[in-house]
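Undergrad:
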Amino acid sequence: MPARHITMQQQVPDAIRAGIDRLRAELEVPTAFPAGVEQAAADIAASGPLDEQAWGLGERVDHTNKPFVTIDPEGSMDLDQAMFLERAGDGFLVWYAIADVAAWVEPGGPIDVEAHRRGQTFYAPLERAPLHPSQLSEAAASLLADGRPRPALVWRIELDAQGAQRSAHVERGLVASRERLDYVGVQKMLDEGEASEWLELLREIGQLREQQEITRGGVSLNLPEQEIVAEGDDWRVVFRSPLPVEGWNAQISLLTGMAAAQLMLDAKQGIVRTLPPADERDVRKLRAIAQSLRIEWPADRGYPDFVRSLDVSQPSHLAMMTSCTRLFRGAAYTVVDETTAGGNLKHNALAANYAHCTAPLRRLVDRYVGEVCVHLCSKTPIPVWVTDALATLPDEMRASDQRAKKFERGIVDLTEALVLSSHVGQVFTGTVVEHDEKRDEGTISIPEPATEGRIKGKDLELGQEVSARLETVDLTKGTVVFVATS
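In my numbering, the protein residues as written are 1492 to 1977.
1. State buried or exposed for G1599, treating a residue as buried only when at least 16 other CB atoms are found within 10 Å of its CB.
2. Could you spell out where the alpha helix (DSSP H) holding F1559 opens and where it closes?
3. Under 9 Å between the Cβ atoms of V1986 and G1954?
4. Quick one: what's got a C-beta closer than 6 Å to I1937's C-beta in the same chain, skipping five residues either side?
5. Below 8 Å, can you find three or more Cβ-Cβ pairs linking the stretch 1550 to 1559 to the stretch 1640 to 1653?
6. Using DSSP's beta-bridge definition, name the partner residues of A1579.
7. Taking only the alpha-carbon atoms, compute the straight-line gap between A1959 and I1946 and give it to the nearest angstrom.
8. Span of the alpha helix (DSSP H) holding I1873?
9. Locate the alpha helix (DSSP H) running through R1700, then write down its first and last residues.
10. Out of G1510, R1513, T1813, L1622, point me to the one whose CA is closest to P1525's CA.
11. Is the beta carbon of N1844 closer than 9 Å to that of A1752?
12. Between the Cα of L1841 and the Cα atoms of E1701, H1660, D1757, W1586, which residue gives the shortest distance?
13. Could you check whether G1708 and L1650 sit closer than 9 Å to each other, using their CB atoms as the reference points?
14. Which residue's Cα is closest to the Cα of L1745: Q1760, S1804, L1699?
15. In angstroms with no decimal places, state the Cα-to-Cα distance between A1615 and A1531.
16. Is DSSP giving F1898 helix, strand or coil here?
17. Could you give the distance in angstroms between the alpha-carbon of F1559 and the alpha-carbon of V1666?
18. What does a CB cutoff of less than 7 Å around L1784 pick up in its chain, not counting 5 residues either side in sequence?
19. Our contact map puts P1885 next to T1825 with C-beta atoms below 8 Å; I'd like the distance itself, whole angstroms only.
20. Sort V1604, I1507, P1795 by Cα distance to G1527 and report the nearest one.
21. How long is the line joining the alpha carbons of A1655 and E1737, rounded to whole angstroms?
22. Quick check on V1596: does DSSP put it in helix, strand or coil?
23. Ordered along the chain, which non-local residues of its own chain (more than five positions away) have a Cβ less than 6 Å from that of N1740?
24. Quick check on the burial criterion: 16 or more other C-beta atoms within 10 angstroms. Buried or exposed for M1568?
25. Going straight from the alpha carbon of A1750 to that of V1860, what length do you get?
26. Considering only residues of the same chain and omitting the five flanking positions on each side of A1620, which have a CB-CB separation below 6 Å?
27. For the candidate residues G1948, D1773, M1888, whose alpha-carbon lies nearest to that of G1933?
28. Starting from the C-beta of E1662, find all residues in its chain whose C-beta is less than 7 Å away, skip the five residues before and the five after it, and write them out in chain order.
29. Are the beta-carbon atoms of L1514 and K1897 separated by less than 9 Å?
30. Measuring straight from C-alpha to C-alpha, what distance separates P1789 and R1778?
31. Thinking C-beta only, is P1735 closer than 9 Å to L1692?
32. Does A1941 come out as helix, strand or coil in the three-state DSSP assignment?
33. Taking 9 Å as the threshold (beta carbon to beta carbon), is S1658 in contact with chain C?
34. Given a cut-off of 9 Å on the beta-carbon distance, is the pair D1571 and S1633 in contact?
35. Consult DSSP for I1786 and reduce its assignment to one of helix, strand or coil.
36. Alpha carbons only, please: which of A1590, M1574, E1688 is nearest the one belonging to I1648?
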């Protein structure tokens, strides 16, 4: 389920610092790496990648002649992906290089053990707890444009004129990124007609892939980023909607994840990301919320088309989009083998088979998916350290995901409490988006400022528009309580 990310341009306010520290302690969010892990990272960064033959990684193909570039948020250093796009007859070639983390992490070694303990990178405003030490994630293994060739898993995906996949292959390679670009800069070049030919291709292919998503019935929930801004002694929320180029860039990543899933399903080996279909009762709840927010949702318009019609710059539409994130629940990692390959292993929000494989610097499972796929394509045995890990990865990633989601949700709750802290006693109009009849309480979504909180009151109904007084705000626990007044 998509998360609402929080950013701050200034220091984290003292008012919620204690709350963030409490969250980190309660959820056991990692902080500094053990000394042995830091030393192992420093040693491998200094000595260079692992020996390919000794660790069964396979031969590496030189792709340093290709002008790969990275596109990420400004200031990012943990660069998992680099790309190069070109025309091929009536279609396209997507070259996608993914940081080869397996080339730097010895199986069973201290870095590997710690990565399994963490599972992924944990994010908080102005700070994060990375999956790997910075000597690797922001230097040696990162696809930085510093003139140094780096090991990568290089995908070659052929698309037809409509953007549909024709073929996919991945091999172990060596790449040299030429330039580190950011979303804002790329969007500006595209808007002003100053982009290179291949960046124009990113727009063309991205839009074709978005149409492919529509055709197959998938949907991407692109929630805006929330920034907390100080105004004197008060705080307010400013929203930054995703730029078009962020969506096009994401489509290349999704394309690669779908190609990886198909490779593993065909071979009946690997691990995919699954998501069950939405419950029709939940769709009916969303329709009730849309009606309360006075957002038109014709009976003959399906959920994906409705989501694409939302304009998150409007407070009511943002509240609706936030409610939509609750529709698909139960995402999991599922091992692909003889017993599962014939079942429904789709990611139903994407309406496609899908695997996580494009962020190995930030997510543990991606390293293993990459290894399975590269060995399937080279027709070489998948290393035992990979196959042995597949059985436990779903549980490890589930535990890590649960912890990360609770941490992200807690950060959102704290920042929303901060924004509302000066409004205790004020009456707001909002929509009931969750309801517990037994306890006479639920969750209210306030369109301005776009926040959520617990609401108490009798006879509440899901999707009902109510007036509610902000009764209490707790900046340590990140809780707000409204009381219905009508």
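The beta-carbon is built from N, C-alpha and C at its ideal position, and this holds for glycine as well.
Treat the numbers as computed from the prediction; the structure is a model and nothing was measured.
TA: Once the coordinates are examined:
1. That one is exposed.
2. Counting along the chain, F1559 falls outside any alpha helix (DSSP H), and DSSP gives it neither H nor E.
3. Residue 1986 is absent from the model: the chain starts at 1492 and stops at 1977.
4. If we look at I1937 and ignore the five residues flanking it on each side, its Cβ neighbours are F1919, G1921.
5. Because the criterion of three Cβ pairs below 8 Å is met, the stretch 1550 to 1559 and the stretch 1640 to 1653 touch.
6. BP columns for A1579 point to G1582.
7. Rounded to the nearest angstrom, the two C-alpha atoms are 8 Å apart.
8. Careful: I1873 lies outside any alpha helix (DSSP H) and carries neither H nor E.
9. Membership of R1700 in the alpha helix (DSSP H) is indicated by the continuous run 1688 to 1707.
10. Residue L1622 is the option with its Cα nearest to P1525.
11. When the beta-carbon positions are compared, A1752 and N1844 come within less than 9 Å of each other.
12. When C-alpha distances from L1841 are compared across E1701, H1660, D1757, W1586, the shortest belongs to E1701.
13. Cβ distance not < 9 Å, so L1650 and G1708 don't count as in contact.
14. Across the set Q1760, S1804, L1699, the C-alpha of L1699 shows the shortest separation from the C-alpha of L1745.
15. Cα to Cα, A1615 sits roughly 26 Å from A1531.
16. F1898: helix per DSSP, three-state reduction.
17. Here the C-alpha atom of F1559 lies approximately 8 Å from the C-alpha atom of V1666.
18. Around L1784: S1807, A1810, M1811, T1922.
19. With 8 Å as the limit, P1885 and T1825 qualify as a contact, their Cβ atoms being about 7 Å apart.
20. That would be V1604, whose Cα lies nearest to the Cα of G1527.
21. One Cα belongs to A1655, the other to E1737, and the distance between them is close to 20 Å.
22. In the three-state reduction of the DSSP assignment, V1596 falls in the coil class.
23. Taken in chain order, the residues that qualify are I1562.
24. Result: exposed.
25. Whole-angstrom Cα-Cα distance: 11 Å.
26. Excluding positions up to five away in sequence, the list reads V1520, P1521, F1613.
27. The residue from G1948, D1773, M1888 with its alpha-carbon nearest to that of G1933 is G1948.
28. Answer for E1662: V1552, V1645, V1865, C1868, S1869, listed in chain order.
29. In contact: L1514 and K1897 (Cβ atoms closer than 9 Å).
30. Those two C-alpha atoms are separated by around 9 Å.
31. No. Outside cutoff.
32. For A1941, the three-state secondary structure derived from DSSP is strand.
33. Considering every chain present, this structure includes no chain C. It has just one protein chain.
34. Less than 9 Å separates the beta-carbon of D1571 from that of S1633.
35. Of the three classes helix, strand and coil, the one that applies to I1786 here is coil, per DSSP.
36. Ranking the options by Cα distance to I1648, first place goes to M1574.
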